[in-house]
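Protein chains in written order, with our numbering: chain A, 9 to 379; chain B, 34 to 443; chain C, 25 to 271; chain D, 1262 to 1427. What follows is a single structure, written as structure tokens, with notes after it.
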Amino acid sequence: MAQEKMNADKMWLTMGPQHPFSHGLWTLRAQVDGEIVTDAEPEVGYLHRGWEKECEQRDYQKIIPMADRLCYSASMTWSHLFCKVAEEALDIEVPERAQYLRVVADEICRIQSHLMWLAAVGTDAGNLTIFLWALREREFMLDLNVRLCGQRLTTNYPRIGGVRNDMPYYFERDCLRGIERFEKALWDIVNLTDDSSIFVGRVKGIGYISREECANLGITGPAMRGCGVDYDVRRDDPYDAYGDMDFYVPVYKDGDAYARFRVRIEEMFQSCSIIKQAMKKLESIPKTAPYRLKVPKAIPEGTHMARIEDPRGESVMYLISDGTDRPYRLKVRSPVFVNVSASKRMVQGVRLADIPTVMAMIDMCLGETDR
Amino acid sequence: MSGLREWIVNRATDLADGGSVCLNGHEYSDIVGMSPYDVYNLPYDIGVKVWESLGGLIAWLINLFVPNNAVSFALISDTATNAMAIVLMVVVIFAIGFVTNLTMIWQERKFLGRQMDRRGTMIGPLGYLQCLGDGLKTFMKENVAPRAIDKKIYWWGVVLVIGTSVLLACMIPLSPRWFIVDYNTGLLLIFAFFALAPFLIMCAGWAQNNKYSLIGGLRAAELMISYEVPMLILFAGTVYMTGSFNIGDIITWQEEHIWLIVPQIVGFFVCLVCAIAESERVPFDLSEAEAELVEGWQTEYAGMKWGLIMLGDYFRGFVACALVNIMFLGGWSMPIINEFDWYYQYFPELFFVLKTCFVFIFFITARGALPRVRTDQIVNVGWKVLMPLAVINLVITILIKWIWDYGGVF
Amino acid sequence: MAQPTEYYSKYPKKFKGTGIITPVLKVFKHMFKTTFHRPVTILYPYEKEWVPDNYRGRPGLRFDRCLGCGICVRACPTTCIELVEVADDDGKMVLRPQVNVGRCMMCGYCAEYCPVDAMTTTTDYELAEFNRYDLIYDPRRLHFEYTTDMMEVHIEEHLMSNLAKGITDQPTAFYNTDRPVLEDKKCIGCQKCAKVCPVNAIEMVVVGQNDKGKDIKRPKIDEATCISCSNCIIDCPKDALKMNEVL
Amino acid sequence: MADEQKIESPSYDDIISLIGSKFGDKVKFRQSTKKNVRSINEKRRIFMDADREVILDLAYFLRDKLNFEQASMVTGVDWVDHMQVVYHITNYFNSITVEIVVNIPADDLHVASVAPVWGGANWHERETYELFGIIFDGHPKLERLLTPKSYEFFPFRKSYKLRGSQ
């Protein structure tokens, strides 16, 4: 593409794969005219490891820890999604207690994933304090993960037909305390970002995408809700216990990077509220209630599709089973895969210094993009 | 050891009797009791003392083997003592500047760590030795230079950037007795050297044959041009108020009248912002914005070159803080305690450094609290906010000066 | 209906440009606060964070309890476990799992699926070695000193048939319910299943005599001692045995 | 014309009847037999098989008439004797997802691209092309995306065996 036309005014800057702005291995080739970006070309695939093909060689149970490793910070939702599609294939509904436990685990995962994103925004905007404060709060969330299921990142918590273990006796106390603490601490970070005119000046009005374009490009998740599409899988296509939860889906019509930032911060507050509701509900369910169903190893023949609201957007798995204990085909729809394909549209016309902040609002995770 | 001391005392007595050792053109015997604003130079004095011991030791050792030889007498002659004392003076000034710089690096890392809820450096007492360890580590790295560079500018660019920074730091007087040369255009010269760096950075960025460093170098030039002007206007206010370019005179004026921060409070904050920008620190570190340009203009400088650039950056930070200190906070003068005799006898250097470090806290907090400013915003702020404020500050200064001198504006 | 939080409602107001005072003061305050309090970071090699009992570190093994059934080997997603012959306390050679911790991904399946709680998770996460071969933990080295109840991960599954009947207080696991069943036509009476059974639950019973007058032997499975390890199913040359999954 | 106007939030029955009347037997609907799946019980999934010829018309019809704004997923399936392309299309207003299955004979792996209709399908089609070798006619840039450009085989086909198996 560089050979198309020699243009003395413009130059191609290759940002990535070893570049501080690319959180993970990917490349954004940006054509700059001075400081203004005129064109961009995202390139992914450095981490392609044939995840879907690998799954065709494995038992359904063994895919759960593999699904954890799709994305380092959204492992809970990915393994949840896989269990979801397997349950849909088996045509079963998990016990109530497991549903609420999954909701709690999912929302903890969402908070820690958004905090990881906030940390990345901090470094991309050039402030390390945001990074460290956000990571500090994330560490408390990861501690909750450890309490609940024994690992920080690769949780391996959901199972087909329920969850791995009931919550330990101290988890309820720790979780509520941690959430209350977090709600206060998040305001500190909000003070650093939203109350700082420099930060707002950095993200406001850049990376604009209209509502129609956003829907057409398939952008999902907080990036979509920042463009004015009022859609959340948790609310509009509820799974597990989300139908009973009472929460607010923040939507902004501005369509710029700042709106996406605001959506994510508000989502963290709403996640806290969901966790509190779910913990309250869990109190009313007896501790001896079933939380895991016994499921057969083999899944009957058919095609099945499940979707879930990942921290980064709408993730879908499409499973074709052939009656054995291994999937015939398992397709993963990664939200970042589609969002990053729209990055060309997002960065056109912004300044070079804005590329990190615009791309940070996508919240890159290459493990699930390349699969 | 008694032989050495005896020998030196004898020689020194001989020399003093002869009265031939010169210090800045004054007789050695005249030094004691001279006005501190005139010529008494503490580093030079230290240099003389050190050479008396060191050169005297060498001369005595030679004298032991070959009694009454010419070399021994040449080593302790007034010419040799004067020359070596000047060399040692530079070494002493640089050493103190270096230690000050290390302290500021330590201060930044520790304070920044506390702001970010971490511990900062942990090696040595209170983590002080971490910087030395880091320096040693950078020093031992391989000296890599890319193939497709413009060699002359690549090497000379970085050498001159570091050299001017270190030179600047040594040119800052720490007290009326701690300077290299007591020249009347002191502040002007410092500003001139300070403004030299962006040109060199631009050249160095171009010479690396790297797109990131090219953009970084150009950004540095852009940034410097927009912030040099308000800084110089502020400087005009200071000079108009005090009536001198000489740093000693500026501080003496502030000591006698009032610290300039009081009439020029606007100018102080403008100067802080400009000083941060001049020393290319967060939030104005556009030339090395690591999010979009990997390391900016330093991308291709590896190993000790990079380490020295970082050191030079801190030297420039020190100079910027010291300039704020000299122009607004009265340098080494302290309001009440400088009435005492012992203050000017022992403490002015210490208080100067302490005050500089205090100004540096603002720099650190700005780095901790604020994200990086975008290129267009930075120029906007420079020309549309700081420039008018600086002019307003100058007008206020002129009005105050007129009222002060003539009792009215008209 | 849920309401947006205070944060969300702040947005519609026009941005007033609060300047940089709030963040600067916030950071300054935090600096003073942490000067007198400890920072949250811990000095790792000297101080260690408390980990709960259910932490999934490297696998641990209780040598005496282990049967050598190989369920953990088949449950392991990364195939890092293999059965090796080692001498037990009496000097007899027995099969015990050996774990390549360098390949282990700490999923905890081995502890979860172990029918006798011999495999456990441990809180041991400092596994660095100088040599790759040192990462292979033999059965004796897998022993973990401070094994607690939380480390024995249990499966508490409920049968869907039970739930349909309204029974919700009988948690069970596959090793309690699933049993191999014999397809009589395929069986050739080779006794392989009886040999590989780790708990000796299979007994060859004479059910009759064939044309040549030899005994026809068929495996009889003792359902009480069977642990549903499916060794017999895998080793059966004619696929005569099948696991009967109770749901 | 009233018919040409976009129905913002078409109901489940509307979608089936409208598509049925427009495309006749080129599009066949399938019913799911699942009892306990919530999204199927609440009628938020529509399953259909479409002929290869009508897929582009169907896509434009879904987008312009029935307001299906987003292409969630485009994927390929290798059934050894033939291949399938599966589309999942979502409407944001009633959150109905349509699953369209298009069968392609193994000797003629061509299908019309829906990337001009939905920009979100762009990379999914590129991925399906590189992993299965299905060629999407009319795609703006049908190049390899995840795998190296030098690959000449299609790794997700069933004929491509992995080394070692469990």
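From the three backbone atoms N, C-alpha and C, an ideal C-beta is built for every residue, glycine too.
Rounded C-alpha distance that separates A:VAL198 from A:GLU191: 11 Å
Neighbour list for A:MET74 in chain C, Cβ cutoff strictly below 8 Å: PRO101
Residue-chain proximity (B:TYR187, chain A), Cβ-Cβ < 9 Å: no
8 Å Cβ cut-off: residues of chain A touching B:ASP183: None at all; the shortest Cβ gap to chain A is about 18 Å.
Beta-carbon neighbours of C:CYS131, restricted to chain A and to distances below 9 Å: LYS70, ILE72, PRO73, ASP76, GLN159, THR162, ASN164
Residues sharing a beta bridge with D:HIS1349, DSSP: D:MET1334, D:GLU1360
DSSP-derived helix/strand/coil call for A:VAL259: coil
Buried versus exposed, by CB contacts within 10 Å (16 or more), A:SER121: buried
D:TYR1421 - DSSP class collapsed to helix/strand/coil: coil
Interface residues of chain B facing A:ASN173 [CB-CB closer than 7 Å]: Chain B residues near A:ASN173: none, gap ~33 Å exceeds 7 Å.
Chain C residues whose Cβ lies nearer than 9 Å to that of A:PHE277: PRO28, THR29, GLU30, TYR31, TYR32
Candidates A:LEU150, A:TYR260, A:VAL355, A:VAL271: closest to A:ARG219 by CA position: A:TYR260
A:LEU380 - DSSP class collapsed to helix/strand/coil: Past the boundaries of the shown model lies residue 380 of chain A; chain A is included only from 9 to 379, so the question cannot be answered.
Spatial distance of A:ALA38 from A:PRO25 (CA atoms): 13 Å
Alpha helix (DSSP H) segment containing C:PRO47, residue limits: 45-60
Beta-carbon gap between A:TRP59 and A:LEU374 smaller than 9 Å: no
Cα-Cα separation between D:GLU1330 and C:CYS104, rounded to whole angstroms: 46 Å
Residues sharing a beta bridge with A:TRP20, DSSP: A:GLN39
Cβ of C:PRO69 within 9 Å of any chain B Cβ: no
Nearest-angstrom Cβ-Cβ length linking C:CYS214 and C:ILE226, presumed shorter than 8 Å: Not really, about 12 Å apart at Cβ, beyond 8 Å.
Start and end residues, beta strand (DSSP E) containing C:TYR199: Note, C:TYR199: premise wrong, no beta strand (DSSP E); alpha helix (DSSP H) at 198-201.
Proximal chain F residues relative to C:LYS50, where beta-carbon distance stays under 7 Å: No chain F appears in this structure, whose protein chains are A, B, C and D.
Helix, strand or coil at A:VAL45 according to DSSP, with G and I counted as helix: strand
Short CB-CB distance (under 9 Å) between D:ARG1305 and chain A: yes
Extent of the continuous alpha helix (DSSP H) to which D:MET1309 belongs: Element bounds for D:MET1309: not the alpha helix (DSSP H) but the beta strand (DSSP E), 1306-1311.
A:TYR54: first and last residue of the uninterrupted beta strand (DSSP E) it sits in: Unbroken run through A:TYR54: none, as it is neither H nor E.
Residue burial classification, D:SER1272 (beta-carbon count within 10 angstroms, cutoff 16): exposed
Span of the alpha helix (DSSP H), counted from its first residue to its last, around B:ILE8: Residue 8 of chain B lies beyond the range of chain B shown here (34 to 443); nothing can be said about it.
A:ALA133 vs A:ARG146 beta-carbon contact at 9 Å: no
Beta-carbon spacing of D:HIS1400, D:ARG1387 below 9 Å: yes
Where B:GLN241 falls: helix, strand or coil (DSSP): coil
Cβ of A:SER204 within 9 Å of any chain B Cβ: yes
Rounded Cβ spacing between B:VAL123 and B:ILE79 (contact assumed at less than 8 Å): In fact, because the Cβ distance is near 11 Å, the residues do not count as touching under 8 Å.
Three-state secondary structure assigned by DSSP to A:PHE90: helix
Rounded distance between the beta-carbons of B:PHE317 and B:VAL406, thought under 8 Å: 6 Å
8 Å contact criterion, which C:ARG127 and C:GLY92 should meet: CB distance rounded: Not a contact, Cβ separation roughly 21 Å.
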